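A.B. asks: Sharing a structure here in C-alpha cells format.
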Amino acid sequence: MVIFMTDVFSQSKRSEIMSKVRSHENKSTELKLIKIFKELNITGWTRHYKVKGHPDFVFLKKKTAVFVDGCFWHGHDCRNTVPKSNQEYWSTKIRKNKEHDDQITARFQNRGWNVIRIWECELQKKKRSHLLLKLADLFEKDA
Ligand SMILES: [Zn+2]
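The opening residue of the sequence shown carries number 904 in this note's numbering; numbering runs sequentially from there.
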C-alpha cells in the first residue's frame, strides 16, 4: 500500500494513482481465485461479464455473482483499515465504497441472484475452510 504518497500529491493525482493500484490489486486477487476454482473443479464462471455492478465473476447457470473485495478498500475489519494520515479522506472513501457494495449486492439479490462476496484475505491458504463454505453453492451437484 502506497499510503505515503497521500501527503505529496493533490487529491486528483492521488485518486488517479490509487485507481491504478486498485485495478492492479484486483487483477492479482482475481487470478488467485481462478486458481482456486481450478483446484476445486468449480466451472461455469465468466470473468468480467458486462453487467451493471461489475462482479469479478459470474456464474450464469447458477445466477451467482462473485465479488472479490480488497480488505482495505472495502473496509474489512481484519486489519486496521484507516491509515494514520488523511484519516478523514480515507474513512469517507471506504465508507462510500461499502455503501456502494451494499447497493450492488441488493441490486443483484432483488433480481433473484445469489451474491458471494469474498474478502481478499480469505484467499490465503490458512483461511481455505472459510472460503470453501462461501463457495459451497458453486460446486457441481447435478453432475
Ligand atoms: Zn480481510
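Positions of the beta carbon are idealized from the N, C-alpha and C atoms, including for glycine. Predicted model only: the values in this text are computed from it and were never measured.
(1) Count the C-beta pairs between the region 961-978 and the region 1014-1023 that are closer than 8 Å, then say yes if the count reaches three, no if not.
(2) Using 6 Å as the cut-off, classify the Cβ of His1033 as near or not near the heavy atoms of ligand 1, replying yes or no.
(3) Cβ of His979 versus every heavy atom of ligand 1: is any distance shorter than 6 Å?
(4) Hey, quick one: how far does the alpha helix (DSSP H) through Asp1005 stretch, first residue to last?
(5) If I follow the unbroken beta strand (DSSP E) through Arg950, where does it start and stop?
(6) Looking at Arg1014 and Gly956, is the spacing between their C-beta atoms short of 7 Å?
(7) Considering only the beta carbon of each residue, do Gly978 and Ile997 sit closer than 7 Å?
(8) Could you tell me if the beta carbon of Trp948 falls within a distance shorter than 6 Å of some heavy atom in ligand 1?
(9) For Asn1000, which residues from the same chain have a beta carbon less than 6 Å from its beta carbon, with the 5 sequence-adjacent residues on both sides left out?
(10) Within the present structure, is the beta-carbon of Trp1022 separated from the nearest heavy atom of ligand 1 by less than 6 Å?
(11) Measuring only the C-alpha atoms, how far is Lys987 from Asn944?
C.D. replies: If we stick to the structure as given:
(1) Yes: the two stretches touch, three or more of their Cβ pairs being nearer than 8 Å.
(2) For ligand 1, not one heavy atom lies less than 6 Å from the Cβ of His1033.
(3) His979 Cβ: within cutoff of ligand 1.
(4) Unbroken alpha helix (DSSP H) run through Asp1005: 990-1013.
(5) For Arg950, the enclosing beta strand (DSSP E) starts and ends at 948-950.
(6) Result no, Cβ atoms of Gly956 and Arg1014 do not sit closer than 7 Å.
(7) Yes, the Cβ-Cβ distance between Gly978 and Ile997 is below 7 Å.
(8) Not so, every heavy atom of ligand 1 lies at least 6 Å from the Cβ.
(9) These residues qualify, in order along the chain: Trp976, His977.
(10) It does: the Cβ of Trp1022 is within 6 Å (strictly closer) of some heavy atom of ligand 1.
(11) Looking at the two C-alpha atoms, the distance is approximately 42 Å.
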